[in-house]
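The sequence shown begins at 1 in full-length UniProt numbering and counts up one residue at a time.
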Amino acid sequence: MEVFIGKFLSEGFLILAGYDEDINRLMASNPGLTSRFSETVTFKKPTPSQCWLLLRDSLGQVRQVDHAVIRQPDGQFHAWILTSFKHLSTLPGWGNGRDVKTISDTIIRRVFSCPLDEGQTQMVITEGLVSAVLQSTIQKRQLRATATVPNLPTSPAAMPAMAGPPHTAPSFTAASWAKQQDNPSTPPDTDSDGANLTEADLNGPRDPGVSNEVWDQLQADRKQHDAQIKHDAEIINEEKALRKKLDNNSEMPDDDERCQYKEHVRSLVRQTVEIEERKKEEEAQRKLREMGVCPMGYRWIS
């Protein structure tokens with residue numbers, strides 16, 4: 001929010017909109033945001049009667065359909081609709097006016113998809129059709145509400161640090177995580193280098209629950225990584241030696257042997273460029289490890 005400086009000071013507006021639970025969770029994850037959004041506008045949920053009026057007006061805009069059942073509803077049918085909207089308003093994620101419009105559009109689509117009866121000249125919205133759409137909406141909302149949703153940390157103490165000097169993140173293997181839970185007061189070791197962390201994980205004990213196939217693949221990847229590092233070092237040394245040899249023999253005629261040397265050097269240069277690119281990627285990964293974890297507790301990835 002510091003971008004609003006100079007002539008734009010106090011003239012810029014940043015609106016943060018969302019459902020109450022989501023906004024509260026966001027503010028709890030970073031208390032500093034509370035002072036950035038000093039003014040709060042709370043939109044009250046429409047009452048069941050207001051939802052009914054929205055539905056009636058939305059359906060009434062379709063002139064090609066007979067909506068007498070909506071304009072002059074039966075008392076019992078009207079009471080059932082109000083009860084349905086009251087129940088929907090108690091379910092999480094109810095979008096009020098937006099969801100009422102969705103219900104209206106669903107009713108219209110079903111009306112247009114139904115063939116006309118013999119002698120019928122106009123499509124008609126019936127009580128049964130409206131009831132079926134509302135009941136279907138309630139069932140979908142209830143199913144969504146009962147689905148398992150992971151609980152995200154909401155208290156500031158449960159969230160990782162949002163600021164501070166770079167530090168090395170601890171290794172989040174199954175064994176180390178279990179050990180950390182058993183000894184919560186033991187602070188993580190932040191003095192080790194990020195690159196050594198990965199090596200320690202590879203050479204460390206086998207975590208419980210790791211299958212033979214996964215373990216063998218990890219060991220194979222480790223050996224391949226070590227072999228690649230050794231190969232890269234050999235390429236760089238060979239390229240330097242050939243360049244030195246060519247420089248020392250610059251007075252020699254450009255014979256076939258010298259041409260072969262030059263071609264070999266060009267090939268080594270291409271491989272050296274690839275090695276440098278890999279080193280840059282490894283350096284980026286190391287810096288990401290030093291950043292620790294994101295506010296949600298996960299590792300950063302590039």
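Just so it is clear, CB atoms sit at the ideal spot from N, CA and C, and this is done for glycine as well.
If you draw a straight line from the C-alpha of residue i to the C-alpha of residue j, how long is it?
i, j, result
"glutamine 120", "proline 92", "41 Å"
"isoleucine 235", "glutamine 271", "7 Å"
"glutamate 39", "asparagine 24", "14 Å"
"methionine 123", "alanine 145", "35 Å"
"glutamate 118", "glutamine 142", "39 Å"
"valine 130", "valine 214", "55 Å"
"aspartate 226", "aspartate 22", "46 Å"
"leucine 55", "glutamine 76", "17 Å"
"phenylalanine 4", "alanine 17", "Caution applies to phenylalanine 4, whose pLDDT of 48 falls short of 50 and renders its modelled position unreliable; the model cannot decide the point."
"lysine 240", "lysine 279", "18 Å"
"glutamine 219", "cysteine 259", "42 Å"
"serine 211", "glutamine 224", "20 Å"
My output table needs one value for residue i: the three-state DSSP class, helix, strand or coil.
i, result
"valine 41", "coil"
"valine 214", "helix"
"aspartate 20", "helix"
"valine 130", "helix"
"aspartate 74", "coil"
"valine 69", "helix"
"valine 124", "strand"
"aspartate 232", "helix"
"asparagine 196", "Only weak support exists for where asparagine 196 lies, its pLDDT of 42 falling under 50; the coordinates are left without a value."
Can you give me the Cβ contacts of residue i inside the same chain, cut-off strictly under 8 Å, excluding the 5 residues immediately before and after it?
i, result
"lysine 45", "Ser89, Trp94, Asn96"
"leucine 242", "Tyr261, His264, Val265, Leu268"
"glycine 60", "His67, Ile70, Arg71"
Near residue i, what residues of its chain come up, given a Cβ to Cβ distance below 7 Å and the 5 sequence neighbours on each side ignored?
i, result
"threonine 126", "Val69"
"valine 111", "Val65, Met123, Ile125, Leu129"
"isoleucine 138", "Ser84, His87, Leu88"
Can you give me the Cβ contacts of residue i inside the same chain, cut-off strictly under 6 Å, excluding the 5 residues immediately before and after it?
i, result
"aspartate 134", "Note that residue 134 is leucine in the sequence shown, not aspartate. Once the five neighbours on either side are set aside, the close Cβ partners of leucine 134 are Ser84."
"cysteine 51", "Phe85, Val100"
Whole-angstrom Cβ separation of residue i and residue j, contact assumed at under 8 Å?
i, j, result
"serine 58", "serine 104", "4 Å"
"valine 62", "isoleucine 108", "6 Å"
"leucine 82", "proline 48", "4 Å"
"aspartate 232", "isoleucine 275", "5 Å"
Any heavy atom of the ligand HEM within a distance shorter than 7 Å of the CB on residue i?
i, result
"glycine 128", "Questions concerning the ligand HEM fall outside what the structure shown contains, since it holds no ligand whatsoever."
### Message
I want to know whether the stretch 83–91 touches the stretch 27–42 - three or more CB-CB distances under 8 Å.
### Response
Verdict: no, contact absent.
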